[in-house]
Amino acid sequence: MFLSSLVLKGFKSYSERVEVNFSPKIAVIIGSNGVGKSNALEGIAWALGEDDLNALRCRNRMDLFFGGSQITAPADEASIELTFENSSTRHRFCRCLSRSGKEVFMVNDTAVSGVPEYQEALNSIGVPTRCHNVIRQEELTDFFVKPPSERRHYLQQYIGSDGDLERVNNLFDEYIQALLPGSRARIVNWNGEVGPDLEVTFPDKGVKWGVLLSGGERAVTALALKLALFNLVRSPMFMMDEVEPSMDWTRNHNMQGLLKKISQNRQLIMVTHFQSTIQMADTVHGVRIRPDGSSWLKFHFLMDERLFKIYKCC
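Quick note on numbering: the sequence shown equals residues 1 to 314 in the UniProt record's numbering.
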């Protein structure tokens, strides 16, 4: 199962209907700063049931609507449609909100009674309704600044048993070795009074606790941890919003190899400016600003070596 299509209309910076068709492996969204790339990911999250306005970068629900410009009126409705498919079936989900506050949920073009039925339909095809599968640039290393109680709460959203903890630690260790060869990592003090922490062993620096990691070490460790945690979520896709800037060239190169491996089992939808990330994509989706100031998904193409050589960031 993968997300094959996203339709946005009236949502945040998207005034007109825009449809995006994604690759089942790695789909990359590119564009200049401020054109609305992240809004596309937030549209997916909202349609899956995300209502945390902070996570959606909104002050209030009115920020979910296209706010208008000098030549285009504000949107009266914000709607997102998602289509999931596999080799034999296709499932369409739509969430629509009007400025009056009326909200409509549809499954396969049929209105459902409310949120519980909508969520049940998503869960029935293996798509979770809470978005614990998104990594945003500004949140990549937030684990390290959380107090102990919040670190525990964050991890407990994924880890519900000792078996889950063992599985996460095995993947955490595998991923940190892929990103930083020779390194080891694990979650420690799971049941301790001081709260859970991370222990990372570097081949040339020995053991470090999370609080002692440098900025670059934190970025790599946090990425490995979050990808390991995501594996406990049933979601068929992972979403990443500009996670590369905190990493140097070597770590970024190692990240590409790890993501290619992960994409064999999970769809990856990524926002990026990095050519190394664009190069590994199966499909590339460009966003630009329309004359009315709204976002426009300008093009979509299959990436190959010839196209990459002539690529210039849009």
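The beta-carbon is built from N, C-alpha and C at its ideal position, and this holds for glycine as well.
- Message: Quick check on DSSP: helix, strand or coil for Ser100?
- Response: coil
- Message: Short of 6 angstroms in beta carbon distance, which residues of its chain neighbour Glu42, apart from the five on each side in sequence? Order them along the chain.
- Response: Leu56
- Query: When you compare only the Cα positions, how much space is there between Met237 and Asp76?
  - Reply: Taking the straight line joining both Cα atoms gives about 30 angstroms.
- Query: What are the complete alpha helix (DSSP H) segments, minimum 4 residues, inside the segment 94-145?
  - Reply: If one requires a minimum length of 4 residues, the alpha helix (DSSP H) runs lying completely within the segment 94-145 are 115-124, in chain order.
- Item | Cβ shell of Val207 (< 8 angstroms), same chain only, five flanking positions each side left out | Glu199, Val200 and Thr201
- Give me the Cα-Cα distance between Gly293 and Val194, rounded to the nearest whole angstrom. 50 angstroms
- With distances taken from CA atoms, which of Leu6, Gly126 and Ile29 is nearest Val20? Ranking the options by Cα distance to Val20, first place goes to Leu6.
- Message: Measuring straight from C-alpha to C-alpha, what distance separates Arg151 and Asp197?
- Response: 8 angstroms
- Continuous alpha helix (DSSP H) assignments of at least 4 residues falling wholly in the segment 202-290: DSSP runs (the alpha helix (DSSP H)) wholly in the segment 202-290: 215-230, 249-262 and 275-279.
- Decide if Val134 is buried, meaning its Cβ has at least 16 other Cβ atoms within 10 Å, or exposed. buried
- Grouping DSSP H, G and I as helix and E and B as strand, with all else coil, what is Phe22? Three-state result, Phe22: coil.
- Should His153 be labelled buried (16 or more other beta-carbon atoms within 10 Å of its own) or exposed? exposed
- Query: At which residues does the alpha helix (DSSP H) containing Lys12 begin and terminate?
  - Reply: No alpha helix (DSSP H) holds Lys12; DSSP gives it neither H nor E.
- Who does Ser294 pair with in a DSSP beta bridge? Answer is none; Ser294 lacks a bridge partner.
- Where Glu150 sits in the DSSP three-state scheme: helix
- Item | Per-residue DSSP class, three states only, for Leu3 | strand
- Measure the alpha-carbon distance for Ser13 versus Phe84 and round it to whole angstroms. 24 angstroms
- Task: Indicate the three-state DSSP secondary structure (helix, strand or coil) for Gly200 in the structure shown.
- Result: Note on identity: in this sequence residue 200 is Val, with Gly being the wrong assignment. Of the three classes helix, strand and coil, the one that applies to Val200 here is strand, per DSSP.
- Give the C-beta separation of Ala185 and Leu258 to the nearest angstrom, bearing in mind that I take them to be a contact with Cβ-Cβ under 8 angstroms. Taking the Cβ atoms as the reference, Ala185 lies roughly 13 angstroms from Leu258, outside the contact range of under 8 angstroms.
- Quick one: using the 10 Å Cβ neighbour count with 16 as the cut-off for buried, is Leu53 buried or exposed? exposed
- Are the beta-carbon atoms of Val104 and Gly49 separated by less than 9 angstroms? With respect to the 9 angstroms criterion, Val104 and Gly49 are not classified as neighbours on the basis of their beta carbons.
- Message: So, for Asn66: in the same chain, excluding its five sequence neighbours on each side, which residues have a beta-carbon less than 8 angstroms away from its beta-carbon?
- Response: The sequence shown places Phe at residue 66, rather than the Asn named in the question. Contacts found: Gly10, Phe11, Lys12, Ser13, Tyr14, Ser15, Thr72, Pro74, Ala75, Ala78 and Ser294.
- In this structure, what does DSSP give as the bridge partners for Ala47? None, per the DSSP bridge assignment.
- Less than 9 angstroms separating the beta-carbons of Leu229 and His132? yes
- Query: Helix, strand or coil: which one does DSSP assign to Glu193?
  - Reply: coil
- Query: Does the separation of the CB atoms of Asn265 and Val168 fall below 9 angstroms?
  - Reply: no
- Query: With a Cβ-Cβ cutoff of 9 angstroms, do Ile30 and His285 count as a contact?
  - Reply: yes
- Task: Quick one: residues in its chain with C-beta nearer than 6 angstroms to the C-beta of Phe144, no 5 flanking neighbours on either side, listed in chain order?
- Result: Gly210 and Arg218
- Message: Tell me which residue opens and which closes the alpha helix (DSSP H) that Ile176 is part of.
- Response: Here the alpha helix (DSSP H) through Ile176 covers Asp162 to Leu179.
- Query: Is Asn33 buried or exposed, if buried means 16 or more other CB atoms sit within 10 Å of its CB?
  - Reply: The residue in question, Asn33, is exposed, as its Cβ has fewer than 16 Cβ neighbours within 10 Å.
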